[in-house]
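Participant: Note that the protein sequences, when read in sequence, are chains A and B. Residue numbers for the first sequence follow this note's numbering, beginning at 4 and rising by one. Residue numbers for the second sequence follow this note's numbering, beginning at 1120 and rising by one. Think of the CB as a built atom: it goes at the ideal place given N, C-alpha and C, for glycine as much as any other residue. Remember, it's a predicted structure, so these values are computed and weren't measured experimentally. Structure incoming, see below.
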Amino acid sequence: MQNNNKTDINTSAFIKTETSRRRLLQAAVTSAGGLSLSLALPGCSTFRSNEINLDGSWNANAWLEITPDSQIIFALDRVEMGQGTYTGLTTLLAEELDVAPSQIKVIFAGAAKIYRNPAYGLQLTGGSNSLSTSWPQIRQAGASAKWMLMAAAAQVMQVDVASLSTENAYIIHTDSNKKLSYGNLGKLASKQSIPDKPVLKSASDYRYIGKQNQRLDSEQKVNGTAVYGIDVDIDGMRYAVVSRAPFIGGTVVSHNGAEIETMAGVKRVIQIRSGIAIVADSYWKARKAEKALKVKWLRDEQAPLNSAEIFKQYKQAAKDSEGDIKREEGDIDQAFEQADKIIELEYSLPFLAHSTMEPMNCTARIQDNKADIWTSTQAPDLAQVAVARVTNLSLGDVEIHNQFIGGGFGRRLSQDFVAEAAEISYKFGGVIKLIWSREEDTKSDLYRPATYHKLRASLDSRGLPTGWDHQIVAPKIMDWYVWDASPAMFPWAPKFMYPMLGHAGLLTEGTPITPADSSPYEGADDIPYSIPSINVRHVQADSGVPITFWRSVGHSHTAFVIESAIDELAYKASFDPVDFRRKYLESSPRLLNVLEKVAVHGRWGLSSESDIYQGIATHKSFGTYVALLVEIKVVDNQIQLLKAVCAVDCGLVVNPDIVKMQMESGIIFGASAALYGEITLEDGQVQQSNFHDVPVIRMNQSPLIETVIINSDHAPSGVGEPSVPPVAPAIANALFKAKGERYRNLPFKLV
Amino acid sequence: MKLIINGTEKQFNLDQDTPLLWVIRDELGLKGTKFGCGMGLCGACTVHLNGIAIRSCITPVSAVEGQAISTIESLSEADGTLHPLQQSWISHNVPQCGYCQSGQLMTASALLSSNPNPNDEDIDNAMSGNICRCGTYPRIKAAIKDAATKISKVESLSYEIKV
């Protein structure tokens, strides 16, 4: 199967770029006579080194193509991993082009500069910003394309553009009852000048934005035809599995690979950086051979040994260092000196696995100085880096054929599985499909970092908070991530510089070249409560356990601490938790609003039965405001999450039902983590392996969920992550009512 | 070795212990059935064996020799007309990443075959072996109920016509 993302372009037919708009759009005619538009998103102005410089030469990675038979093909440059970009971004284009979203054929973009996320200068999908970063560009580009088609039609019909309208991929001249299809006009449209300021539809004219409720990828996902990375078959493909060290930080000393190579169906046993790869005729033969493989490992003495030790180190770090100040307001010392009472709270949060339903996999063909990679990745240009690192190839020799993603949650922002497949294929000399087992997916994950928080609050004589001192001990995800990210940001750099670029990324952190890594403290430094003195500090502590992004990233731990502590402070001040938040959220009207809505809709204070307990939490992340009210029951020391009512303000809504879907998804994801999620280390080995010891919420444990969407005309913000952060604290706050004690460590353990 | 998959008889020369899942996916090229856990814990690999939902990842191919297996590819009609559950899945916007949904649908269709009007508890009991990390459970439940209602309406209608 070939997923050909390239548009067939006759470069000599390259027609026109207009200087003022060349950064945004380029038009060309395809060899078949259709219209092809390339969209170049200008780099964020603070990221000068990452700006996209088009030299005027045609880039074959088209963004939009209209074929002579009016097929509209859209290269989706944000991946589809369930969060709905396939539908949401297509809806924006459809709106401006005046065609039904279902009329647009969506293909997945390969790796190319033009597809980079302007917020990062990298082509990655994460941070719940696909819609917010694409919102202006896709609409402008769609509107430009429509205007060019109309201008072409005006020429053909010899009428004024203003007398034309569009409908269903036709340009219509009502007076003369003439119409021309978009496809017919492609060639002529490509010769039109690109409008400087295309007129966007006004909200009152929207036909699809805010109204489109059906997903566009559903049918292929219910009849089994949607193609995920693991489903790709390539001619001559063999299957590979990798045996990795059973503990973190192990290297191969020796192995019985020669013996294994004599087994039926086994092609080769190959040592790679991460372990020993077995290439065989079938997946099952590779797995059976792996059972007979014996590897002697050398342990890295510096590697982390066990979870208890890591938390001990964290606590020591909190004592040894005040940390870097991330927010300072009022006079914290004075607040504590003059306090009537001081509260000190400690919170611990574990490492967490991603457990995507589709285990890590990658198909690689590295032959003839070219690499083709078929996989499901959240960051195609980082996948290029991963391949270049382990082969003799340059970034430009690596083509990424991205597929539907069977769950991302941040896991597929890291490209370790791509590097493994590429190294195996490179050394084997043929095409291989690498598939991780569920156990490998759990044990060799890069985890949500474990963190430790110390929270001190000073109270006045009425019990009201005067000072908030939040100390966070956590590693920086960028320290792990920058090694792949930096070379992708500097694609001109020769490969021997890659390690240096990794260092450069770290050294330049916080400068315009590399953004500051706020993952350890995001959500805590912008705590919305108007407490007179606020101090937020980060203490850097990296245990050596591999980490990466995890759905809602830093908010996944900071919100738990803040919203648990605020609830606790409400009780100390003899306030109802909602009243207390109301009092301190005056400067955050949008957060206050979702809180009010959820309190009304969720009937705060009115539990339907005496043994059902309510808890509430509210948090802003990724520009989106979410409040959550949960109802729980505790039976035999087991928490039953019965109901979750959520209010969300994510600005203007493009697809209301996708917003609801994402709220539901994040709530259940957050509940799995709060109730069960935990990766632990003993003797350097990850203790969990499969869904029996990495349990997640199943249907019988799934709550009823109601979502209220706030009507808003603010710019759209993300929905993939923001409902995760409030889940754990809302449950903790309900648990306090049920059990009369505070649970400050995750996951909740009642016995 | 002989297998009957989606009504067609196929011959294979395979290791007896090969899990049915990999035969379906890699020998037959039917990729709708997914690999999730390899231990029968997640349900992504669910297929029907003589109409009963089974986990193909832990079923050795030798155990199902000569028996009728059906996969997600056979759930809709030959002309592409979707099964009422598939239609209901679409109208309820069930799939997100979609990876687990073939398995969910195969479990749900086996449920409706044996119990045309399941209540909440029946659905929980039947479906709790199928994990969805995107958390589509509330929609799956609603979609099953909706499909059950539609199927029973169609059946009562055809009964009336016959009478």
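(1) Along the region 216 to 233 of chain A, what residues have a CB closer than 9 Å to any CB found in chain B?
(2) Beta carbons nearer than 7 Å to chain A: which residues of the region 1208 to 1221 of chain B have them?
(3) From I671(A) to T710(A), what distance separates their C-alpha atoms?
(4) Nearest chain A C-beta to F1154(B) closer than 8 Å, yes or no?
(5) Throw me the rounded Cβ distance for the I619(A) and L632(A) pair, which I believe falls under 8 Å.
(6) Just list the residues that DSSP pairs F354(A) with in beta bridges.
(7) Quick one: give me the first and last residue of the beta strand (DSSP E) that G470(A) is part of.
(8) Is it right to say G605(A) is buried, meaning 16 or more other beta carbons lie within 10 angstroms of its own, or is it exposed?
(9) Taking the alpha helix (DSSP H) that Y587(A) falls in, what are its first and last residues?
(10) Cα separation between P1203(B) and A1261(B)?
(11) What did DSSP end up calling S464(A) once you bin it into helix, strand or coil?
(12) Between P383(A), F420(A) and I713(A), which lies nearest to H404(A) when the distance is taken from Cα to Cα?
(13) To the nearest angstrom, how far is it from the Cα of D520(A) to the Cα of Q543(A)?
(14) Using 8 Å as the Cβ pair cut-off and three pairs as the minimum, do the region 353 to 362 of chain A and the region 413 to 421 of chain A touch?
(15) For the beta strand (DSSP E) containing G253(A), name the first residue and the last one.
(16) Would you mind listing the beta strand (DSSP E) stretches within the region 1144 to 1175 of chain B that are 3+ residues and don't spill past its ends, in chain order?
(17) Measuring only from the beta carbon, is V390(A) closer than 7 Å to any heavy atom that is part of the ligand ATP?
(18) Taking a cut of 8 Å between CB atoms, which residues from the region 263 to 294 of chain A lie near chain B?
(19) Who are the Cβ neighbours of F1131(B) in its own chain at under 7 Å, not counting the five residues just before and after it?
(20) Taking the CB atoms as reference points, tell me whether N1236(B) and T1165(B) lie closer together than 8 Å.
(21) Touch check for the region 145 to 154 of chain A and the region 189 to 206 of chain A: three-plus C-beta pairs under 8 Å?
(22) Where do the N-terminal and C-terminal ends of the alpha helix (DSSP H) with L188(A) fall, by residue?
(23) With distances taken Cα to Cα, identify the nearest neighbour of D208(A) among L645(A), V159(A), W553(A) and T169(A).
(24) Which residues share a DSSP beta bridge with A650(A)?
(25) Would you mind sorting A707(A) into buried or exposed? The rule is 16 or more other CB atoms within 10 Å of its CB.
(26) Am I right that N216(A) and D652(A) are in contact with their C-beta atoms under 8 Å? What's the rounded C-beta distance?
(27) What's the call for L38(A), buried or exposed, on a 16-neighbour Cβ count within 10 Å?
(28) When you check each C-beta in the region 1183 to 1202 of chain B against every C-beta of chain A, which residues fall closer than 9 Å?
(29) Could you tell me the boundaries of the alpha helix (DSSP H) in which Q1284(B) lies?
(30) Let me know the secondary structure DSSP gives Q2(A) once reduced to three states.
(31) On the three-state DSSP scale, how would you describe W377(A)?
(32) What residues from the region 111 to 124 of chain A come within 9 Å of chain B, judged by C-beta to C-beta, listed N to C?
(33) Which residue or residues does DSSP assign as beta-bridge partners of R247(A)?
(34) Over what stretch of residues does the beta strand (DSSP E) that includes V539(A) continue unbroken?
(35) Is the Cβ-Cβ distance between F583(A) and L352(A) less than 8 Å?
(36) For the beta strand (DSSP E) containing S624(A), name the first residue and the last one.
Facilitator: For this structure:
(1) N216, Q217, R218, D220, S221, E222, Q223, K224, V225, N226, G227, T228, A229, V230, Y231 and I233
(2) W1208, I1209, N1212, P1214, Q1215, C1216, G1217, Y1218, C1219, Q1220 and S1221
(3) If you number the first sequence from 1, residue 671(A) lands on position 668. If you number the first sequence from 1, residue 710(A) lands on position 707. Going from the Cα of I671(A) to the Cα of T710(A) covers about 13 Å.
(4) Numbered from its first residue, the second sequence carries residue 1154(B) at position 35. Chain A, which has a Cβ nearer than 8 Å to the Cβ of F1154(B), makes this yes.
(5) For the purposes of this step, residue 619(A) is taken as residue 616 along the first sequence, with counting starting at 1. For the purposes of this step, residue 632(A) is taken as residue 629 along the first sequence, with counting starting at 1. About 5 Å; that satisfies the 8 Å criterion.
(6) As a position in the first sequence, residue 354(A) is number 351, starting the count at 1. Bridge partners of F354(A): I682(A).
(7) Sequence index remark: in the first sequence, residue 470(A) carries index 467 (1-based). Counting along the chain, the beta strand (DSSP E) containing G470(A) begins and ends at P468 to A477.
(8) The residue given as residue 605(A) occupies position 602 in the first sequence. Result: buried.
(9) Position 584 of the first sequence, counted from the start, is the residue given in the question as residue 587(A). Segment P580 to Y587, the alpha helix (DSSP H) holding Y587(A).
(10) Stepping through the second sequence from its first residue, residue 1203(B) is reached at position 84. Stepping through the second sequence from its first residue, residue 1261(B) is reached at position 142. Approximately 13 Å between the Cα atoms of the pair.
(11) Counting from one through the first sequence, the residue named residue 464(A) turns up at place 461. Coil.
(12) As a working mapping, residue 404(A) is identified with position 401 in the first sequence. The shortest C-alpha separation from H404(A) is found at P383(A).
(13) If you number the first sequence from 1, residue 520(A) lands on position 517. If you number the first sequence from 1, residue 543(A) lands on position 540. About 11 Å.
(14) yes
(15) Within the first sequence, residue 253(A) is the residue found at index 250, counting from 1. Segment G253 to H258, the beta strand (DSSP E) holding G253(A).
(16) 1165 to 1168 and 1171 to 1174
(17) The ligand ATP is absent from the structure shown, which contains no ligands of any kind.
(18) S285, Y286, W287, K288 and K291
(19) The sequence position of residue 1131(B) within the second sequence is 12, counting from 1. Counting only Cβ-Cβ distances below 7 Å, and skipping sequence neighbours, we find M1120, L1122, V1142 and E1146.
(20) Taking the second sequence and counting its residues from 1, the one referred to as residue 1236(B) is at position 117. Taking the second sequence and counting its residues from 1, the one referred to as residue 1165(B) is at position 46. Their beta carbons are not under 8 Å apart, which means N1236(B) does not touch T1165(B) by this criterion.
(21) yes
(22) By one-based count along the first sequence, residue 188(A) stands at place 185. L188(A) -> alpha helix (DSSP H) spans Y185 to A192.
(23) Taking the first sequence and counting its residues from 1, the one referred to as residue 208(A) is at position 205. For the residues L645(A), V159(A), W553(A) and T169(A), the minimum Cα distance to D208(A) belongs to T169(A).
(24) Here the question's residue 650(A) lines up with position 647 in the first sequence. Beta-bridge pairing links A650(A) to A630(A) and V711(A).
(25) Residue numbering aside, residue 707(A) sits at position 704 when the first sequence is read from its first letter. Inspection of the sequence shows that residue 707(A) is occupied by Leu rather than by Ala. Flag for L707(A) reads exposed.
(26) Position 213 of the first sequence, counted from the first residue, corresponds to residue 216(A). Position 649 of the first sequence, counted from the first residue, corresponds to residue 652(A). Rounded, the Cβ-Cβ distance is 19 Å, inconsistent with contact.
(27) Residue numbering aside, residue 38(A) sits at position 35 when the first sequence is read from its first letter. Its Cβ being crowded by 16 or more others within 10 Å, L38(A) is buried.
(28) T1190, I1191, E1192, L1194, S1195, G1199, L1201 and H1202
(29) Lying before the first or after the last residue shown, residue 1284(B) is absent from chain B, which here runs from 1120 to 1282.
(30) Examination of residue 2(A) is not possible in this model, given that chain A is present from 4 through 754 alone.
(31) Counting from one through the first sequence, the residue named residue 377(A) turns up at place 374. W377(A): strand per DSSP, three-state reduction.
(32) none
(33) Taking the first residue of the first sequence as position 1, residue 247(A) is located at position 244. Paired residues: G278(A).
(34) Stepping through the first sequence from its first residue, residue 539(A) is reached at position 536. Here the beta strand (DSSP E) through V539(A) covers S536 to Q543.
(35) Within the first sequence, numbered from 1, the residue matching residue 583(A) stands at position 580. Within the first sequence, numbered from 1, the residue matching residue 352(A) stands at position 349. Their beta carbons are not under 8 Å apart, which means F583(A) does not touch L352(A) by this criterion.
(36) Your numbering for residue 624(A) matches position 621 in the first sequence. Element bounds for S624(A): Y616 to S624.
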